[in-house]
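Residue numbers (the numbering used here), protein chains in the order written: chain A, 2 to 213; chain B, 80 to 453.
Single-structure report; data block below.
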């Protein structure tokens, strides 16, 4: 029997794009393209089993071995620091993690900086390197509103086009790190399904190259 | 001796087998107290897997900790004298914060430490004992080995800044070649030096194949010395017949502040994380003001719960219910007879939380079957 590789895909537009890469790389699974509410799809002939999970849960499924490989944004990997291998930059879902503030903002450095973010670990590490005293305000959404309502001085968030920032009179102060989707692998699974995982990695790398 | 798979759990069986193995190679057991002075851990915080420790003040006012680690306690109790060495094994519970949570977890850990004036044979013996430990637990295992001295020398030769080296080492740990290249590009490292570092990620697996790919890349004396040490250890592994189960993988890495030589991690199929972790940590001893060498490893036996076992479909084979005024002697005889065929639970009513194979009733010395789930 063919070794099955369990693949955790992030639900949503990015996940669909990622699946197309897998499909073009020769790991298609026709049932995934049918409209239904199923969450797990497999193609035993190709040795793959896909499942859709919440994007931020992908590293958990992979780290704990429920998935052998998965695709997660670098933002999620930096925030949760899972103990996994990061095998490939898929060069998609590109954006950046940045510090943004109101257009007239000036960091006086004389007071504790109030930082609103969905990513407390990334924000904490970034300012710790600068030895800057900060007060992290963990929010779960609509981060842009925080500086407008004086809840925070700055925000640390994902910036794609910058349109939302512009429309709310905010601007990027500093880029922390570029973000894109990464192929990750469970460390133990990588040992025992090595050939299969390396083949998938190689085929996906070719897709990344073809997409330029 | 009890040797029933249904009774002995994976971790219990492993402890017996490992104890016998370590004794065979001259290791003696080290039994330690659950508590240790907190000061020991504060001084060597980075050596710990997790830096959160359960502390309490004892009756004399000393700040104590529930052991988060075994190695530091063992080292503290070994002598530091030329020509002497101590070979100790242990099987202890440690207390750490489980990753991603805020709660402490009790972890059963077994392992060994070889501390003192060590010969290269001692190093090889510990690595081979790590392989044999995994083999005792399951036949589907892998031991990944790497050499911190070689990695450190190659990072030194790369020309990366101090921070750059730390980031590059993190990339090696994650097999993240794309970001390693980005770091080198940002620091304007020559392409051949970048390729040389990336070779540490691109080459993993078979001992002979990896070593022959890496050898031609080495230029500095430090690199060559570390490589020669690593290659001679790999030779012993090959001669001992473990070249299929042991693989070279430079993503295995521990803190360079403490580890100087060989480092290794063991995996068992079906367990999602490494079950064994170890290495040569001479630098920790140096930091503690000692001249000795040291190598050791720990096995995280709590992870064996995840290993596939044949799950029992029933809690009990037979539940025998009886009237409140049943004759005790006759009931004891019936229980004895039924127990020859499997487990029996005698109860005056039908238990709610138990899943049984057969439900039987005892009336006037006779047994009748009420339900049979076979």
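Beta carbons are placed, not taken as given, at the ideal position from N, Cα and C, and that holds for glycine.
Mind listing the chain B neighbours of residue i? Cutoff is C-beta to C-beta under 7 angstroms, in chain order.
i: residue 65 (chain A); result: 351
i: residue 90 (chain A); result: 257
Which residues mark the beginning and the end of the alpha helix (DSSP H) in which residue i is found?
i: residue 143 (chain B); result: No alpha helix (DSSP H) holds residue 143 (chain B); the beta strand (DSSP E) holding it covers 142-145.
i: residue 396 (chain B); result: Counting along the chain, residue 396 (chain B) falls outside any alpha helix (DSSP H), though it belongs to the beta strand (DSSP E) covering 395-401.
i: residue 451 (chain B); result: Looking at the DSSP string, residue 451 (chain B) is not in any alpha helix (DSSP H); the run it does join, the beta strand (DSSP E), is 445-451.
i: residue 295 (chain B); result: Here residue 295 (chain B) belongs to no alpha helix (DSSP H), and DSSP marks it neither H nor E.
i: residue 155 (chain B); result: 150-155
i: residue 264 (chain B); result: 256-265
i: residue 23 (chain A); result: 14-25
i: residue 199 (chain A); result: 195-212
i: residue 277 (chain B); result: 270-281
i: residue 167 (chain A); result: 164-168
i: residue 30 (chain A); result: First-last for residue 30 (chain A): undefined, no H or E at that position.
For residue i, return the contacting residues in chain B, with the cut-off set at a CB-CB distance below 8 angstroms.
i: residue 193 (chain A); result: 219, 221, 346 and 348
i: residue 126 (chain A); result: Correct list: empty, because the minimum Cβ distance to chain B is about 12 angstroms.
Mapping the DSSP letters down to three states, classify residue i as helix, strand or coil.
i: residue 311 (chain B); result: helix
i: residue 89 (chain A); result: strand
i: residue 188 (chain B); result: strand
i: residue 131 (chain B); result: coil
i: residue 193 (chain B); result: strand
i: residue 140 (chain A); result: coil
i: residue 115 (chain B); result: strand
i: residue 83 (chain A); result: coil
i: residue 126 (chain B); result: helix
i: residue 9 (chain A); result: strand
i: residue 210 (chain B); result: helix
i: residue 107 (chain B); result: strand
i: residue 381 (chain B); result: helix
i: residue 190 (chain A); result: helix
i: residue 160 (chain B); result: coil
i: residue 236 (chain B); result: helix
i: residue 89 (chain B); result: helix
i: residue 289 (chain B); result: helix
i: residue 221 (chain A); result: The structure shown does not extend to residue 221 (chain A), since chain A is modelled only from 2 through 213, so no value can be given for it.
Residues of chain A with CB under 7 angstroms from residue i, in chain order?
i: residue 255 (chain B); result: 87
i: residue 418 (chain B); result: Those do not exist, as residue 418 (chain B) stays about 39 angstroms from chain A at its closest Cβ, beyond 7 angstroms.
i: residue 107 (chain B); result: Chain A residues near residue 107 (chain B): none, gap ~32 angstroms exceeds 7 angstroms.
i: residue 225 (chain B); result: Residues of chain A passing the Cβ test: none, with the nearest at roughly 14 angstroms.
Counting along the chain, where does the beta strand (DSSP E) carrying residue i start and finish?
i: residue 181 (chain B); result: It is not in any beta strand (DSSP E) - residue 181 (chain B) carries neither H nor E in the DSSP assignment.
i: residue 148 (chain A); result: Where residue 148 (chain A) is concerned, there is no enclosing beta strand (DSSP E), although the alpha helix (DSSP H) it sits in stretches over 146-149.
i: residue 44 (chain A); result: 41-44
i: residue 226 (chain B); result: 220-226
i: residue 429 (chain B); result: Counting along the chain, residue 429 (chain B) falls outside any beta strand (DSSP E), and DSSP gives it neither H nor E.
i: residue 356 (chain B); result: 355-359
i: residue 123 (chain A); result: Premise fails: residue 123 (chain A) lies in the alpha helix (DSSP H), 121-130, not in any beta strand (DSSP E).
i: residue 184 (chain A); result: 182-186
i: residue 347 (chain B); result: 341-347
Can you tell me whether residue i is buried or exposed, with buried defined as 16 or more other CB within 10 angstroms of its CB?
i: residue 135 (chain B); result: exposed
i: residue 132 (chain A); result: exposed
i: residue 194 (chain A); result: buried
i: residue 403 (chain B); result: exposed
i: residue 156 (chain A); result: buried
i: residue 49 (chain A); result: buried
i: residue 451 (chain B); result: exposed
i: residue 281 (chain B); result: exposed
i: residue 211 (chain A); result: exposed
i: residue 332 (chain B); result: buried
i: residue 429 (chain B); result: exposed
i: residue 108 (chain B); result: exposed
i: residue 346 (chain B); result: buried
i: residue 81 (chain B); result: Any answer about residue 81 (chain B) is weak, because its pLDDT of 46 lies below 50 and its placement is not dependable; what the coordinates show is given next. Residue 81 (chain B) should be labelled exposed.
i: residue 143 (chain B); result: buried
i: residue 33 (chain A); result: buried
i: residue 81 (chain A); result: buried
Taking Cβ-Cβ distances shorter than 9 angstroms, what residues in chain B pair up with residue i?
i: residue 189 (chain A); result: 221, 346, 347, 348, 349, 350, 351, 352, 353 and 354
Residues of chain A with CB under 9 angstroms from residue i, in chain order?
i: residue 392 (chain B); result: The premise fails here: residue 392 (chain B) is roughly 24 angstroms from chain A at the closest Cβ pair, so nothing lies under 9 angstroms.
i: residue 246 (chain B); result: The contacting residues do not exist; residue 246 (chain B) stays about 11 angstroms from chain A at best.
Point to revise | Any 3 or more C-beta pairs closer than 8 angstroms across the segment 184-193 of chain B and the segment 155-168 of chain B | key: yes
Check your understanding: Counting Cβ pairs closer than 8 angstroms, one from the segment 232-252 of chain B and one from the segment 307-318 of chain B, do we hit at least three?
Key -> no
Exercise for review: Would you check if there are 3 or more beta carbon pairs closer than 8 angstroms linking the segment 113-133 of chain A to the segment 60-70 of chain A?
Suggested key: no
**Study point:** Stretch pair the segment 95-115 of chain B + the segment 136-151 of chain B: three plus CB contacts closer than 8 angstroms
**Key:** yes
Point to revise | Three or more C-beta pairs below 8 angstroms linking the segment 77-94 of chain A and the segment 173-187 of chain A | key: yes
Check your understanding: Between the segment 215-224 of chain B and the segment 182-189 of chain B, do three or more beta carbon pairs fall short of 8 angstroms?
Key -> no
Practice item. Specify whether the segment 433-450 of chain B and the segment 396-415 of chain B touch according to this definition: at least 3 beta carbon pairs, one from each stretch, less than 8 angstroms apart. Key: yes
Check your understanding: Any chance the segment 92-109 of chain B sits against the segment 118-135 of chain B, with 3 or more Cβ pairs inside 8 angstroms?
Key -> no
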